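Enquirer: Take a look at the following structure, please.
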Amino acid sequence: MSSQTIHLFLNPIAGRGSAGRRRGRILELLQQAGLDVDLHLSQHAGDLEAQVLETLQAGAERLIVAGGDGSIHEAVNGIFRSGIKAGLGVIPTGTGNDFAKACAIPLNWEHATSLLADRIAANENPRKIDVGQFNDRFFANGAGVGFDAKVTRVAQSIRIPMGDLVYLVAIFRTMLGGIVTPTLKITADDFQWQAPVTLAAISNGPWIGGMFHIAPMANNADGTLELLIAKPVTRRRICSLLPKLINGTHVRENDILHRPVTSLQIRCDEAIPSHLDGEVQPLQSEFEIRVLPGALNLL
1242 MSSQTIHLFL NPIAGRGSAG RRRGRILELL QQAGLDVDLH LSQHAGDLEA
1292 QVLETLQAGA ERLIVAGGDG SIHEAVNGIF RSGIKAGLGV IPTGTGNDFA
1342 KACAIPLNWE HATSLLADRI AANENPRKID VGQFNDRFFA NGAGVGFDAK
1392 VTRVAQSIRI PMGDLVYLVA IFRTMLGGIV TPTLKITADD FQWQAPVTLA
1442 AISNGPWIGG MFHIAPMANN ADGTLELLIA KPVTRRRICS LLPKLINGTH
1492 VRENDILHRP VTSLQIRCDE AIPSHLDGEV QPLQSEFEIR VLPGALNLL
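Residue numbering for the sequence shown follows my numbering, starting at 1242 and increasing by one per position.
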């Protein structure tokens, strides 16, 4: 395998199937820039991560992912499991594309592909992006414990194409089952918290769910994560907070506590839901989280 080959990992079902429909045009744009492209198609959940790991171990140095935040999540975990400092390029073809927005990557996938191809062809230096570690997994954009993880699970069960609105619909569906407020013990740098919460969000980038500006202060190249804790709230209060969550003004509310952190521990007496980059994780009761400053090379 030539180290000069660009390996394109494409998730055909990302963006409700839009990534698969764009495959031919993406390849055309990359090849027009003179790039030697090797295409890898993801077949099922976890397959993209496994293929990235295998490809890096075989000598690859540069990867491109065409997909959404879930595809990027798998690619990042493949990279960090390999221990190889590979360069990662992103073509946003998902539903939310939160990581792309955090990195100022154009959401127009054709424009993003052309710009990426030109940077690679010109051999431009990659940008350094922070990554979060969450127990033995990694996240590129954000993690969450509690209510937002339950929303993520519900959103993944909705099959009707509706773009970013799927997460808004999922919030209302999740509320029908009641608002669970587990007691969490959170220790983060010089901050401690032990009380019931609706959720604890740990953000590397500003957005989650495509439309929610959960951490407007977040910068994924500043060596910190943003911890936001939502105190116990009612269904009515969640509804009143939603417009503020969309425009990023919720951080001024008394229900929300914010701290910039570099590491934190979360403990709960029961196993609770969590997510990484919108990917639901197994129920767990202990969480070790830290930032890895400048750990990802973004092409």
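Glycine included, C-beta positions come from ideal geometry on N, C-alpha and C. Just so we're clear, the structure is a prediction, and the values are computed from it rather than from any experiment.
Looking at C-alpha atoms only, which residue of P1447, L1276, R1508 and R1303 is the closest neighbour of H1539?
Expert: One point to set straight first is that residue 1539 is Leu, not His, in the sequence displayed. Closest by alpha carbon: R1303.
Enquirer: Assess contact between the region 1261-1271 and the region 1286-1303, defined as three or more Cβ pairs (one per stretch) separated by less than 8 Å. Is contact present?
Expert: no
Enquirer: What does a CB cutoff of less than 6 Å around A1255 pick up in its chain, not counting 5 residues either side in sequence?
Expert: G1308, G1309, S1312, T1334 and G1335.
Enquirer: Find out if the Cβ-Cβ distance for the pair A1436, V1386 is shorter than 8 Å.
Expert: In terms of Cβ geometry, A1436 and V1386 do not form a close pair [threshold 8 Å].
Enquirer: Would you mind working out which of N1318, V1407, P1523 and A1353 sits nearest A1381, comparing C-alpha positions?
Expert: N1318
Enquirer: Using a Cβ distance threshold of 8 Å, determine whether the region 1350-1361 contacts the region 1444-1454, with at least three qualifying pairs required.
Expert: A contact between stretches requires three or more CB pairs, one per stretch, nearer than 8 Å, and the region 1350-1361 fails this requirement with the region 1444-1454.
Enquirer: Check whether the Cβ of N1460 lies closer than 8 Å to any Cβ atom in chain D.
Expert: Among the chains in the structure shown there is no chain D, since it carries only a single protein chain.
Enquirer: Touch check for the region 1455-1473 and the region 1514-1529: three-plus C-beta pairs under 8 Å?
Expert: no
Enquirer: Between the C-alpha atoms of K1391 and D1496, what's the straight-line distance to the nearest angstrom?
Expert: 19 Å
Enquirer: Using a Cβ-Cβ cut-off of 8 Å (strictly less than) and excluding sequence neighbours within five positions of S1243, which residues of its own chain qualify?
Expert: A caution first: S1243 carries a pLDDT of 46, below 50, which makes its placement in the model unreliable, though a value can still be read off. Taken in chain order, the residues that qualify are D1277.
Enquirer: Thinking just about the alpha-carbon of each residue, which of A1512, R1500, A1471 and C1509 is nearest to the one in E1232?
Expert: With the chain covering only 1242 through 1540, there is no way to say anything about residue 1232.
Enquirer: From F1379 to L1517, what distance separates their C-alpha atoms?
Expert: 8 Å
Enquirer: From V1331 to H1491, what distance separates their C-alpha atoms?
Expert: 30 Å
Enquirer: DSSP state of L1483, grouped into three classes?
Expert: helix
Enquirer: Assess, as a yes-or-no matter, whether the region 1414-1427 is touched by the region 1507-1516 under the definition of 3 or more beta carbon pairs within less than 8 Å.
Expert: A contact exists between the region 1507-1516 and the region 1414-1427.
Enquirer: Roughly how many angstroms lie between the CA atoms of S1323 and F1528, to the nearest whole one?
Expert: 23 Å
Enquirer: Of the residues G1383, N1376, N1349 and V1306, which one's Cα is nearest the Cα of G1446?
Expert: G1383
Enquirer: Just to confirm, is the Cβ distance from A1462 to I1370 under 8 Å?
Expert: yes
Enquirer: Alpha carbon to alpha carbon, what distance is there between R1264 and G1300?
Expert: So the two alpha carbons sit approximately 24 Å from each other.
Enquirer: So L1466 packs on H1499, CB below 8 Å; how close in whole Å?
Expert: 11 Å between Cβ atoms; not a contact.
Enquirer: Does the Cβ of C1480 have 16 or more other Cβ atoms within 10 Å, making it buried, or fewer, making it exposed?
Expert: exposed
Enquirer: What is the rounded straight-line gap between the Cα of M1416 and the Cα of L1348?
Expert: 31 Å
Enquirer: Return helix, strand or coil for W1434, following the three-state DSSP convention.
Expert: In the structure shown, W1434 falls within a strand segment according to DSSP collapsed to helix, strand and coil.
Enquirer: Within 10 Å of its beta-carbon, does E1315 have 16 or more other beta-carbons around it, so buried, or fewer, so exposed?
Expert: buried
Enquirer: Report buried or exposed for N1338, applying the criterion of at least 16 other Cβ atoms within 10 angstroms of its Cβ.
Expert: Under a 10 Å Cβ-count criterion, N1338 is classified as buried, with 16 or more other Cβ atoms of the shown protein chains found around its own Cβ.
Enquirer: Could you tell me which residues DSSP pairs with N1538 in its beta bridges?
Expert: G1328 and K1369
Enquirer: Please state whether DSSP places E1315 in a helix, a strand or coil.
Expert: helix
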